[in-house]
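A short write-up of the structure that comes next.
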Amino acid sequence: MLSRRRFLQVGLAGTALLVAARWLDRSAAPPAPLHVLDADRARVIEALVPAVLANALPAEAAQRRLAIAEVVAAFDRAVSGLSPAVQGEIADLLGLLHFAPTRIALAGLTSPWQEASVEDVNAFLSRWRTSRFDLLRAGYQALTQLIQAAWYGNPQSWGAIGYPGPPFRFEAAP
């Protein structure tokens with residue numbers, strides 16, 4: 674039988690182990706909080722970004738990951754500015770694409786989004802772009818246009834396309 678003292682020792686050791694594991698697992702910088710997307714829906718967007726933006730993203734791996742994270746955050750900000758009804762529709766679409774049975778049926782992906790190759794995602798997007806169903810074509814348009822707007826709305830991406838920026842900028846009042 675387990676004594677009270679042994680129970681407390683094991684409990685404290687387990688707690689210390691969990692705290693140490695969490696400390697070792699944390700990333701260098703915590704991700705920016707998302708307002709509309711949850712972690713599952715954000716993973717879908719993370720998988721779509723390299724396929725939609727292709728060569729527009731930086732080639733270097735660390736810069737590429739940072740750029741994808743910025744696009745996800747900008748996508749979230751863009752969606753948060755839409756009407757609640759549209760926010761709900763986009764959340765529903767991303768939820769369906771994340772949920773395994775509907776991901777397999779609608780996207781043709783048997784593996785989770787974070788394991789999908791760019792070729793797999795391109796094939797999915799191509800099927801939706803050329804689908805005979807208006808709803809799938811509308812889903813393709815919504816996802817790709819929001820991702821492109823999130824990328825090209827970032828001033829850091831303008832140099833790659835030769836856009837010098839607006840002739841003037843409005844500064845926020847203090």
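Whatever position you read off the sequence shown (first residue = 1), add 673 for the working numbering. Here a beta-carbon is modelled for each residue, glycine too, at the ideal position from N, C-alpha and C.
Using a Cβ-Cβ cut-off of 6 Å (strictly less than) and excluding sequence neighbours within five positions of residue i, which residues of its own chain qualify?
i, result
"T817", "V725"
"P837", "none"
"R802", "Y813"
"G835", "none"
"R810", "S804"
Pick helix, strand or coil for residue i, following the three-state DSSP scheme.
i, result
"F797", "helix"
"G761", "helix"
"V692", "Unreliable positioning characterises V692 in this predicted model, as indicated by a pLDDT of 48, which lies under 50. A coordinate reading is not provided."
"S700", "The pLDDT assigned to S700 is 44, lower than 50, so where the model puts this residue is not dependable, and the model offers no usable value."
"H708", "coil"
"A789", "coil"
"S676", "coil"
"E719", "helix"
"P774", "helix"
"L766", "helix"
"P731", "coil"
"G832", "helix"
Considering just the uninterrupted stretch of the alpha helix (DSSP H) at residue i, what are its terminal residues?
i, result
"S753", "734 to 753"
"G812", "807 to 825"
Just to confirm my understanding: we take residue i, look at its own chain, exclude 5 residues before and 5 after, and list those with CB closer than 7 Å. What are they?
i, result
"A720", "W786, Q787, A789, V794"
"R776", "L770, L782"
"S700", "With a pLDDT of only 44 at S700, under the threshold of 50, the placement of this residue in the model should not be trusted, and no figure is reported."
"N827", "E743, A747"
"A758", "none"
"A740", "L730, P731"
Ignore the nearest five residues each way along the sequence and tell me which others in residue i's own chain have a CB closer than 8 Å to its CB.
i, result
"L819", "F748, A751, V752, I763"
"Q760", "V709, V752, S753"
"W831", "Y825, P837, G838"
Does the segment 823 to 832 come close enough to the segment 737 to 751 that 3 or more CB-CB pairs lie under 8 Å?
In this structure the segment 737 to 751 lies against the segment 823 to 832, because at least three pairs of beta carbons, one per stretch, are closer than 8 Å.
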